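Undergrad: Residue numbering for the sequence shown follows our numbering, beginning at 72 and increasing consecutively.
We put the beta carbon where it would ideally sit given N, CA and C, even for glycine.
Quantities reported herein were computed from a predicted structural model and do not represent experimental measurements.
Let me begin by handing over the structure; questions about it come next.
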Amino acid sequence: MKHIIWIALVFFVSQSVKAQLPPSFGEEYEGKATTSDMVKTYLKPQRIVWQSDNSGKSIKNVETFIKKGNGQVAVNDQNLFRFISTEAERPGILLDYGKEINGGVKISMGIRESKTPLKLRLRFGESVGEAMSNIGGKQNATNEHSLRDFIIEVPWLGSIEVGETGFRFLRIDVVEANENAPIKSIDAAFVYRDIPYLGSFESNDERLNKIWMTGAYTVHLNMQNYLWDGIKRDRLVWVGDMHPEVMTINTVFGDHEIVRRSLDLARDQHPLPQWMNGISSYSMWWLLIHKNVYDYHGDLTYLKEQENYMIGLLDQLSSFIDKNNKEILDGGRFMDWPTSEIPEAVHAGLQAMMVMTFEAGSEIMGIYQKSELQKKYLKVAERLHKHKPKGNTTKQAAALMALANLEDAKKINDQILTKDGVQRMSTFYGYYILEAMAKASDYKGALKAIRDYWGGMLDLGATTFWEDFDILDTKNTGRIDELSPPNKFDIHGDFGEYCYVGYRHSLCHGWASGPTSWLSQHVLGITLMDAGKKAKIAPNLGDLEWAKGSFPTKYGLLKVSHTKNVNGTVKTEIDAPDGLTIIQ
72 MKHIIWIALV FFVSQSVKAQ LPPSFGEEYE GKATTSDMVK TYLKPQRIVW QSDNSGKSIK
132 NVETFIKKGN GQVAVNDQNL FRFISTEAER PGILLDYGKE INGGVKISMG IRESKTPLKL
192 RLRFGESVGE AMSNIGGKQN ATNEHSLRDF IIEVPWLGSI EVGETGFRFL RIDVVEANEN
252 APIKSIDAAF VYRDIPYLGS FESNDERLNK IWMTGAYTVH LNMQNYLWDG IKRDRLVWVG
312 DMHPEVMTIN TVFGDHEIVR RSLDLARDQH PLPQWMNGIS SYSMWWLLIH KNVYDYHGDL
372 TYLKEQENYM IGLLDQLSSF IDKNNKEILD GGRFMDWPTS EIPEAVHAGL QAMMVMTFEA
432 GSEIMGIYQK SELQKKYLKV AERLHKHKPK GNTTKQAAAL MALANLEDAK KINDQILTKD
492 GVQRMSTFYG YYILEAMAKA SDYKGALKAI RDYWGGMLDL GATTFWEDFD ILDTKNTGRI
552 DELSPPNKFD IHGDFGEYCY VGYRHSLCHG WASGPTSWLS QHVLGITLMD AGKKAKIAPN
612 LGDLEWAKGS FPTKYGLLKV SHTKNVNGTV KTEIDAPDGL TIIQ
């Protein structure tokens, strides 16, 4: 490292909320201050994973990190943790905060003989391996998007708060020789939205329960000032990634303004004829998200704000269909990374998305009471239905073809989706694979896929779901919360492709949260419709004995409980808020 990097812990702020400053601030501050939507909580480490010295010579009193403290340095602090460095040894320690979080760290130091600041090297990591790594090399640790490897200076008898990234682990090393530094605390500064989990899911299968909650938490961390895809990388609004995230938000948090704010940001950043994020499918996801949001919450005023852009987008999309009713979209032709080099899969997926987009667009025009446009876009969808893409063998594109009724869902499920178990799935399109399996009424198969694929990440120590996951990579690998044994691969550092090679791979990516909304919609059987005025209850317990949970609606919480009887029938109890119509 060539220089010292100072980092301020930045809190993302709402552009629409005015800060309430003390009375001493005058009119000159009008419009120049905003408040944060986030709260900050300090967390003690849960455990010490590794330390460079176990003899007690260069590292002393490590147990003090785990004990609860008051966070305030004092002149008479006793028995503090100590780093003691020499020319031959610069001690280091690796801390585990127990769960992936977004934020930084607050380090406080007591009195020592030298009043010069103490130089420490910090290395944040989503895995033990990442926190122990150096920038670059074959395993590709980076400081991109958020700094996670840098040097700071801690003041004498004071504190410093630094860092803004996604992490669970933190390695701290002394930089200079001949230091004797008493450290009061090294607390994670966890920055997040303090919002209630309105939706819930519980069943007789604890593995599914944990998967539901992990998906919810993954999206919760990404609900920063805007809805991001990842808290370490990329920390951006990617519209395609938003679709599974929005479905999870609908399921867990209900109608939240971050969805509208992020959708509007994407619209305003990409005026037509630009594709959102440079990707044609992402513009289609933007429209499909709006349809989902309206179906669940019924905000007609907001939907009407999109009218001009939406009509322009549909007309633009309709110009990319050839005489054989085949999509010929330009721009970034992308579904997900594993299919990105398979033209047959990309075409099949885009053709299916065009069908779904024009069907949704037609329905939205009906909501706008624009009957001519409703008919126009429905005819475009019917045209697109006449072309049946050939040659696709990927689960991702096959799932979309089933959802768009370009292929029979049961046939797709039997021939492609269930082939080789959960091999060649992706965390993003896993959601649509589950949706297609539900359309084929293969609920037992979908539950098994959830347990095997998303549960496979939990088995490796995940507390949030990952940007991508290849089940074949799990052979002879260690966990992310342990130092990799010499005879095993590092699941984080030794694998990955495309933009997520090695430690650049994000282990908290909102697009991977699909099972959360899927379990609530298909196992609890809750589907909101008719602008959120109605809820269809149709449970599918699969191999479960019982399941229960809650779902946020615009009228209040809907609660359901399902129990499988001895004869295979299901007993359902419903507690619905006033105003919500229930359909069974």
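Pull up the distance between the alpha-carbon of G47 and that of F272, whole angstroms please.
TA: Summary: the structure shown does not reach residue 47, with the chain confined to residues 72 through 655, and so no result is reported for it.
Undergrad: Relative to the C-alpha of G169, which residue among R118, L189, K128 is closest?
TA: Residue mapping note: residue 169 aligns to position 98 of the sequence shown, counting from 1. When only C-alpha atoms are compared, the closest one is R118.
Undergrad: Comparing alpha-carbon positions, which option in G526, K642, N636, L218 lies nearest E277?
TA: Locating residue 277 in the sequence shown gives position 206, counting from the first residue. Answer by Cα proximity: G526.
Undergrad: By DSSP, does F96 sit in helix, in strand, or in coil?
TA: Indexing the sequence shown from 1 puts residue 96 at position 25. Of the three classes helix, strand and coil, the one that applies to F96 here is coil, per DSSP.
Undergrad: Can you say whether A79 is buried or exposed, counting buried as having 16 or more other CB atoms within 10 angstroms of its CB?
TA: By 1-based counting over the sequence shown, the position of residue 79 is 8. At A79, the pLDDT of 36 sits below 50, so the modelled position is not reliable; the number obtained from the coordinates is stated separately. A79 is exposed by the Cβ-count criterion.
Undergrad: What's the C-alpha gap between S497 and G311?
TA: Taking the first residue of the sequence shown as 1, we reach residue 497 at position 426. Taking the first residue of the sequence shown as 1, we reach residue 311 at position 240. Each residue's alpha carbon lies about 14 Å from the other.
Undergrad: At 4 residues or longer, and completely inside the stretch 447-485: list those alpha helix (DSSP H) runs for me, N to C.
TA: 466-474, 480-483
Undergrad: From what residue to what residue does the beta strand (DSSP E) around Y644 run?
TA: By 1-based counting over the sequence shown, the position of residue 644 is 573. Position check: residue 644 holds Glu in this sequence, whereas Tyr was assumed. That run of the beta strand (DSSP E) goes 641-646.
Undergrad: Under 8 Å, do F261 and T112 count as touching if we go by C-beta distance?
TA: One-based indexing of the sequence shown puts residue 261 at position 190. One-based indexing of the sequence shown puts residue 112 at position 41. Against a cut-off of 8 Å, the Cβ pair of T112 and F261 comes out as a contact.
Undergrad: Given that a residue counts as buried once 16 or more other Cβ atoms are within 10 Å of its Cβ, and exposed if not, what is C579?
TA: In the sequence shown, the residue the question calls residue 579 occupies position 508. Answer is buried; the Cβ neighbour count reaches 16.
Undergrad: Give the single residue among N251, A480, G492, D485 whose Cα lies nearest to the Cα of K510.
TA: If you number the sequence shown from 1, residue 510 lands on position 439. Closest option to K510, Cα to Cα, is A480.
Undergrad: Using the DSSP secondary-structure output, state which residues sit across from I178 in a beta bridge.
TA: Numbered from its first residue, the sequence shown carries residue 178 at position 107. I231, I257.
Undergrad: Between the Cα of Q340 and those of H327, I329, S354, E328, spot the shortest distance and give me the residue it belongs to.
TA: For this step, residue 340 is matched to residue 269 along the sequence shown. For the set H327, I329, S354, E328, the Cα lying nearest the Cα of Q340 is the one of S354.
Undergrad: Which residues does DSSP pair with K490 in a beta bridge?
TA: Looking up residue 490 in the sequence shown gives position 419. K490 is not bridged to any residue.
Undergrad: Thinking C-beta only, is A583 closer than 8 Å to T289?
TA: Taking the sequence shown and counting its residues from 1, the one referred to as residue 289 is at position 218. Taking the sequence shown and counting its residues from 1, the one referred to as residue 583 is at position 512. Yes; because the gap between Cβ atoms is below 8 Å, this pair is in contact.
Undergrad: Report yes or no: do the stretch 391-409 and the stretch 342-352 share at least 3 C-beta pairs separated by less than 8 Å?
TA: yes
Undergrad: In chain order, which alpha helix (DSSP H) runs of at least 4 residues are fully inside the stretch 101-155?
TA: none
Undergrad: Taking the beta strand (DSSP E) that G627 falls in, what are its first and last residues?
TA: Along the sequence shown, read from residue 1 onward, the residue named residue 627 stands at position 556. Residues 627-635.
Undergrad: Might you give, ordered along the chain, the residues of its own chain that have their beta carbon closer than 6 Å to the beta carbon of A520, omitting 5 neighbours on each side?
TA: On the sequence shown, residue 520 is found 449 positions in, with the first residue counted as 1. V493.
Undergrad: Mind checking which residues open and close the alpha helix (DSSP H) that includes K515?
TA: One-based indexing of the sequence shown puts residue 515 at position 444. Element bounds for K515: 514-520.
Undergrad: If you run the structure through DSSP and keep just helix, strand and coil, what is M318?
TA: Here residue 318 is taken as the residue at index 247 of the sequence shown, counted from 1. Residue state, collapsed to three classes: helix.
Undergrad: Which partner residues of D167 appear in the DSSP bridge assignment?
TA: Counting from one through the sequence shown, the residue named residue 167 turns up at place 96. Looking at the DSSP assignment, D167 forms a beta bridge with R118, F240.
Undergrad: Tell me which same chain residues have a C-beta within less than 7 Å of the C-beta of S87, skipping the five on either side of it?
TA: Numbered from 1 along the sequence shown, position 16 holds the residue referred to as residue 87. For S87, the predicted structure reports a pLDDT of 41, less than 50, and the residue's modelled location is therefore unreliable. A value from the coordinates is still provided. Excluding residues within five positions, none has a Cβ falling inside 7 Å.
Undergrad: Could you check what DSSP says for K510 in three-state terms: helix, strand or coil?
TA: For the purposes of this step, residue 510 is identified with residue 439 of the sequence shown, where counting begins at 1. K510 falls in the helix class under three-state DSSP.
Undergrad: In or out: N150 buried (at least 16 other Cβ within 10 Å) or exposed?
TA: For the purposes of this step, residue 150 is taken as the residue at position 79 of the sequence shown. Exposed, since its Cβ has fewer than 16 Cβ neighbours within 10 Å.
Undergrad: Report the residue from V176, L191, V120, I172 whose alpha carbon sits nearest the alpha carbon of R153.
TA: Residue mapping note: residue 153 aligns to position 82 of the sequence shown, counting from 1. Checked all of V176, L191, V120, I172; the closest Cα to R153 is L191.
Undergrad: I need the DSSP call for A533, collapsed to helix, strand or coil.
TA: The residue you call residue 533 lines up with position 462 of the sequence shown. In this structure, A533 counts as coil in the three-state DSSP scheme.
Undergrad: Give a yes or no on whether the C-beta atoms belonging to R495 and P610 are separated by under 8 Å.
TA: Residue mapping note: residue 495 aligns to position 424 of the sequence shown, counting from 1. Residue mapping note: residue 610 aligns to position 539 of the sequence shown, counting from 1. No, they are not a contact pair.
Undergrad: Could you give the C-beta distance for T157 and A248, rounded to a whole number, given that I count them as a contact under 8 Å?
TA: Translated into positions along the sequence shown, residue 157 becomes position 86. Translated into positions along the sequence shown, residue 248 becomes position 177. That pair is a contact at about 6 Å.
Undergrad: Starting from F195, follow the beta strand (DSSP E) in both directions and report where the run begins and ends.
TA: As a first step, residue 195 must be located in the sequence shown, where it is residue number 124. Note, F195: beta strand (DSSP E), 189-196.
Undergrad: Tell me whether the beta-carbon of R161 lies closer than 8 Å to the beta-carbon of A202.
TA: To locate residue 161, count along the sequence shown from 1; it is residue 90. To locate residue 202, count along the sequence shown from 1; it is residue 131. It is not a contact, given that the beta carbons lie outside the stated cut-off.
Undergrad: Within the continuous beta strand (DSSP E) that includes T410, where are the two ends?
TA: Here residue 410 corresponds to residue number 339 of the sequence shown, with the count starting at 1. Segment: none, T410 is in no beta strand (DSSP E) and carries neither H nor E.
Undergrad: With C-beta atoms as the reference, is R332 less than 8 Å away from Y297?
TA: Counting from 1 along the sequence shown, the entry for residue 332 is found at position 261. Counting from 1 along the sequence shown, the entry for residue 297 is found at position 226. At a Cβ-Cβ threshold of 8 Å, R332 and Y297 count as neighbours.
Undergrad: Would you mind working out which of L615, Q122, K604 sits nearest D366, comparing C-alpha positions?
TA: Along the sequence shown, read from residue 1 onward, the residue named residue 366 stands at position 295. Nearest C-alpha to D366: K604.
Undergrad: For T548, which three-state DSSP category applies?
TA: Here residue 548 refers to the residue found at position 477 when the sequence shown is read from its first residue. Here T548 sits in strand by DSSP.
Undergrad: Evaluate contact between the stretch 442-461 and the stretch 418-431, counting only Cβ atoms and requiring at least three cross-stretch pairs below 8 Å.
TA: yes
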